Amino acid sequence: MTLHLVGHHHRTAAARTRPVLDVKDLTKVYGQGEATVHALRGVSLTVAAGDYVAIMGSSGSGKSTLMNILGCLDVPSTGTYHLDGVDVSRLDDARLALVRNRRIGFVFQSFNLIPRTSAVANVELPLAYAGIKPAERRRRALAALDMVGLAGRADHEPNQLSGGQQQRVAVARALVTEPALILADEPTGNLDSRSTEEVLGILDQLHAAGRTIVMITHETEVAARARRLVTLFDGRITTDVRQDGAR
Amino acid sequence: MSLLEILRFAGRGVAANKLRSALTMLGILIGVAAVILLVAVGNGSAQAVNRSIEALGTNTITVSSTARGGTTPSALTVDIAQSLHDPALAPDVRAVSPVVSSAPTMTHAGTEYPVAQFLGTHPTYFGSSNSPLAAGAAFTDQDVAQGRRVVVLGRTVATELFADTDPVGQQVTVGGALFTVVGVLAEKSSASGFADPDDLAVAPLTAVQQTITGYGPVNSILVEATGPDRVNAAQQQVTQILNQRLDLPAGTTATGRGGAGADAAPYRIQNAAQLLATRTETAQTFTVLLGTVAGISLLVGGIGITNIMLVTVTERTREIGIRKALGAPRRTILTQFLAEATMLSVLGGGLGVAAALIGSRFTIVGVQPVIVPSSVALALGVSVAIGLFFGSVPASRAAGLRPIDALRYE
Ligand SMILES: Nc1ncnc2c1ncn2[C@@H]1O[C@H](COP(=O)(O)OP(=O)(O)OP(=O)(O)O)[C@@H](O)[C@H]1O
Ligand SMILES: [Mg+2]
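Just so you know, the sequences run in chain order A and B.
Numbered by the UniProt record's numbering, the letters in the first sequence go through residues 1 to 247 in order.
Numbered by the UniProt record's numbering, the letters in the second sequence go through residues 1 to 410 in order.
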């Protein structure tokens, strides 16, 4: 594994490709008074189109907080966030919904599947909000489930699936709209080595197809698959390195 | 996303939470059914009272004697009765029937029955008092003229004395005299709690005077007006004639309950409407009371619906968060939840109406309920409005949250 620090090398890469994600001086403060938590203390990060970034860091370092802001699910306390050059804080509810639906595929750390609803219906959901016809929707949802190896579990409801299977349904749901940007919060956290390999294989394919991927992980082997490794500590970026992403 | 799709989503939402959906619908069902049924019971009892007014005859005026001793000159006699039937002085009087009454024991083949009212009168009585015959025939004017001992029995008397056999043509003993049964009156509908209107027997006036009461004054005179709107006019004309015949001052009135003074007339004159006004009032009070109870039950039902709807949305705020994170616009979410609430409240309300319609076919505490259409609209309207309001307002609040806040909602 070859690591080299971000220097002029990175700068030239950034100049070559337009940044998809561009955050500056992000802070996020939860609570008030005694209970105040500074989850982010000034994070600046740009991610170029087609990049594959892994974010690591100890528990509570602010990874999920950052990811939620990148996914337009939460807003920062201070700082700016430009997605594809657009200042997200200026978007109204309808535009934000459109961005979440068309541009971003989000995999939650805690899956967030809709209870009492079959796997295939869960995967279909973003397609439904995109206005795709039911037959086409079903076909694509089944294809996405097939991709994560769950074609046989399409009609199972979340509580009839194992943690790993639920996670793969969540991955399928994030992929099904073929978004340009995939944000995954520990997508392999509950998977065995084989399933992990399958999910990473899918992410590799998506990366090869030119999609931008940002992934949080605790496992160095998983992080090694990415082209760039960002490490967070106590709400700040401590290291940001390019790596060759060798298999 | 098309409206049809959103509706399909809503349908799936309702089906995905069967118990919750069922409970919500049950709350609405009970609220709606209770209101409709209670109002129907009140209405039914009011109608029963109305029917009993009609059964007594809305066109009739009863003149009854208040004089004691029976032979005082002011007492009502058959002569006076006949003088009331005067096309010139009393154009609004259609028929006049003098009535003598007693309560003797009637006997047939060893069976004894103390009849509540044994009336002696003219055949016009049957028409005036709205008492059609179910079997046989009424006696005629000729029977009265000849004092023939024939009798028409009320339904209660007929069953008491003859059980299942046909009484027409049979003989009964009354006050030592034999009477031949010529007819049986049709059963009168009676509101519960009132005196049995079928516990009577009717015979020719002369026959009853001859055998039981003697040829004294009559107890009362039943006057039939030419129409329900002529009752007051007829009553005035009758009063005038009576005052003249009995040598009373022209201004003397003798209506209803006001007969306590020393200069009061020796007779009392009442019409059926007056007689039953009090009963109608009672029935109205009853309806208002039931309406209040129904309103309270609708309120309680509404609180139940509100509660379930609030719990539902609290529970589903996470789901709303997920949907928003996947790119559902606020409006789509709102439409879905509004549609779900509509389905539940309309379905629950519809079932409530159905339950009330079925329930109204049974007699409840002796009253046959009669549905009031406006109560259906009111009950349905209120519960559907509550369902919609509390289904959509918290949903709109949840849809307005940032996805992450909705997802973390507890
Ligand atoms: N809604 C919240 N309210 C208050 N504090 C919060 C909230 N969400 C996160 N925090 C705090 O912010 C800090 C960062 O949380 P975050 O979820 O981003 O951690 P993380 O890096 O994702 O951790 P993990 O690896 O365990 O998932 C933590 O100290 C956490 O307690
Ligand atoms: Mg986390």
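C-beta: ideal position from N, C-alpha, C; glycine also.
Since this is a predicted model, take the numbers as computed values, not measurements.
- [ ] Spell out whether any CB of chain A is found under 8 Å from the CB atom of I308 of chain B.
- [x] Not an interface residue.
- [ ] Name the two residues that bound the continuous beta strand (DSSP E) containing L119 of chain B.
- [x] Judged by DSSP secondary structure, L119 of chain B falls within the beta strand (DSSP E) whose first and last residues are Q117 to T121.
- [ ] Ignore the nearest five residues each way along the sequence and tell me which others in G261 of chain B's own chain have a CB closer than 8 Å to its CB.
- [x] Reliability fails at G261 of chain B, whose pLDDT of 40 lies under 50, so the model's placement of it is uncertain and the value that follows must be treated cautiously. Counting only Cβ-Cβ distances below 8 Å, and skipping sequence neighbours, we find nothing.
Task: Residues near A325 of chain B by beta carbon distance below 6 Å, same chain, minus five either side - done: If we look at A325 of chain B and ignore the five residues flanking it on each side, its Cβ neighbours are P403.
Task: Beta-carbon neighbours of V75 of chain A, restricted to chain B and to distances below 8 Å - done: Those are R402, listed as they occur along chain B.
Open item on the list: Any residue with its C-beta under 7 Å from a non-hydrogen atom of ligand 2 counts. Can you list them all in chain order?
Closed with: Any residue whose Cβ sits closer than 7 Å to a heavy atom of ligand 2 makes the list: A:K63, A:S64, A:Q109, A:D185, A:E186 and A:I216.
Open item on the list: Any beta carbon of chain B sitting closer than 8 Å to that of R11 of chain A?
Closed with: At R11 of chain A the pLDDT is 42, less than 50, meaning the model places this residue with poor confidence and gives no usable figure here.
Open item on the list: I'd like to know if the region 217-229 of chain B and the region 81-100 of chain B are in contact, where contact means that at least 3 CB-CB pairs between them fall below 8 Å.
Closed with: By the Cβ criterion, the region 217-229 of chain B is in contact with the region 81-100 of chain B, since at least three pairs of Cβ atoms, one from each stretch, lie closer than 8 Å.
TODO: Might you give, ordered along the chain, the residues of its own chain that have their beta carbon closer than 7 Å to the beta carbon of D185 of chain A, omitting 5 neighbours on each side?
DONE: Closer than 7 Å at Cβ, skipping near neighbours: S64, M67, V107, F108, Q109 and I216.
Task: Cα-Cα separation between D244 of chain A and A226 of chain A, rounded to whole angstroms - done: Their backbone Cα atoms lie some 8 Å apart in a straight line.
Task: Distance between A207 of chain B and V150 of chain B (C-alpha atoms, nearest Å) - done: Taking the straight line from one Cα to the other gives about 8 Å.
Task: Distance, G85 of chain A Cα to P19 of chain A Cα - done: Those two C-alpha atoms are separated by around 8 Å.
Open item on the list: Based on DSSP bridge pairs, tell me the residues matched to Y81 of chain A.
Closed with: BP columns for Y81 of chain A point to A:V23.
Open item on the list: Could you pull the DSSP bridge partners for G136 of chain B from this structure?
Closed with: DSSP lists B:G183 as partners of G136 of chain B.
Task: 8 Å Cβ cutoff, A100 of chain A in contact with chain B - done: Looking at the sequence provided, one finds Arg at residue 100 of chain A rather than Ala. Contact with chain B is found for R100 of chain A, since one of that chain's Cβ atoms lies less than 8 Å from the residue's Cβ.
Open item on the list: Please list, in chain order, the residues of the region 319-341 of chain B that have any C-beta partner in chain A closer than 9 Å.
Closed with: For the region 319-341 of chain B, the beta-carbon criterion of a distance under 9 Å to any beta-carbon of chain A is satisfied by E319, G321, I322, R323, K324, A325, L326, G327, A328, P329, R330, R331 and T332.
Open item on the list: Quick check on residue 258 of chain A - is its C-beta less than 8 Å from some C-beta in chain B?
Closed with: Since the first residue shown for chain A is 1 and the last is 247, residue 258 of chain A is missing from the structure and cannot be characterised.
Open item on the list: Buried or exposed, going by whether 16 or more other CB atoms sit within 10 Å of the CB of Q166 of chain A?
Closed with: When all chains shown are included, Q166 of chain A counts as buried.
Open item on the list: I need the straight-line Cα distance from A399 of chain B to F337 of chain B, nearest angstrom please.
Closed with: Distance between the alpha carbons of A399 of chain B and F337 of chain B is about 10 Å.
TODO: Can you check DSSP and say which residues form a bridge with V172 of chain B?
DONE: B:F179, per the DSSP bridge assignment.
Task: P126 of chain A at chain B interface by Cβ criterion, 8 Å - done: Output row for P126 of chain A: interface = yes.
TODO: Can you pull the chain A residues whose beta carbon is under 7 Å from the beta carbon of A16 of chain B, in chain order?
DONE: For A16 of chain B, the chain A residues whose Cβ falls inside 7 Å of its Cβ are R116 and T117, in order along the chain.
Open item on the list: DSSP has E224 of chain B in a bridge; who is on the other side?
Closed with: Under DSSP, E224 of chain B shares a beta bridge with B:T60 and B:A95.
- [ ] Compare the C-beta of A112 of chain A with all C-beta atoms of chain B and state if any pair is closer than 8 Å.
- [x] Going by the sequence as given, residue 112 of chain A is Asn instead of Ala. Closer than 8 Å: yes.
Task: CB of V35 of chain B within 8 Å of CB of S375 of chain B, strictly - done: Yes.
Open item on the list: Between L29 of chain B and chain A, is the shortest Cβ-Cβ distance under 8 Å, so that the two count as touching?
Closed with: Not a single CB atom of chain A sits nearer than 8 Å to the CB of L29 of chain B.
Open item on the list: Within 8 Å of any Cβ in chain B, is that where the Cβ of Y81 of chain A sits?
Closed with: It does not; no Cβ of chain B falls within 8 Å.
Open item on the list: For ligand 1, I want to know if G57 of chain A counts as a neighbour, meaning its beta carbon is within less than 7 Å of at least one of the ligand's heavy atoms.
Closed with: Yes, ligand 1 has a heavy atom inside 7 Å of this Cβ.
- [ ] Check the Cβ-Cβ distances between L407 of chain B and every residue of chain A, and say whether any is below 8 Å.
- [x] When Cβ-Cβ separations below 8 Å define contact, L407 of chain B makes contact with chain A.
Open item on the list: Helix, strand or coil, according to DSSP, for S83 of chain B in the structure here?
Closed with: Correct three-state label for S83 of chain B: helix.
- [ ] Report the residue from A:L200, A:E178, A:V230 and A:L181 whose alpha carbon sits nearest the alpha carbon of T188 of chain A.
- [x] With distances taken between Cα atoms, T188 of chain A lies closest to A:L200.
TODO: Tell me whether A39 of chain A counts as near ligand 1, meaning its Cβ is closer than 7 Å to at least one heavy atom of that ligand.
DONE: Because some heavy atom of ligand 1 lies under 7 Å away, the Cβ of A39 of chain A counts as near it: yes.
TODO: Since I believe G120 of chain B is in contact with P204 of chain B (beta carbons under 8 Å), could you give me their beta-carbon distance rounded to a whole number of angstroms?
DONE: At roughly 7 Å, the Cβ-Cβ gap stays under 8 Å, so P204 of chain B and G120 of chain B are in contact.
Open item on the list: Quick check on M1 of chain A: buried or exposed, where buried means 16 or more other Cβ atoms within 10 Å of its Cβ?
Closed with: Confidence at M1 of chain A is low in this model, with a pLDDT of 41, below 50, so the placement of that residue should be treated as unreliable; the coordinate-derived value is given next. Around the CB of M1 of chain A, fewer than 16 other CB atoms lie within 10 Å, so the residue is classed as exposed.
Open item on the list: I'd like to check one pair, L380 of chain B with V115 of chain B: are the Cβ atoms closer than 8 Å?
Closed with: In this structure, V115 of chain B keeps its C-beta atom at 8 Å or more from the C-beta atom of L380 of chain B.
- [ ] Below 8 Å on the Cβ atoms is my guess for L242 of chain B versus V63 of chain B; work out the distance and round it to an integer in Å.
- [x] Contact between L242 of chain B and V63 of chain B holds: CB atoms are separated by about 7 Å, below the 8 Å threshold.
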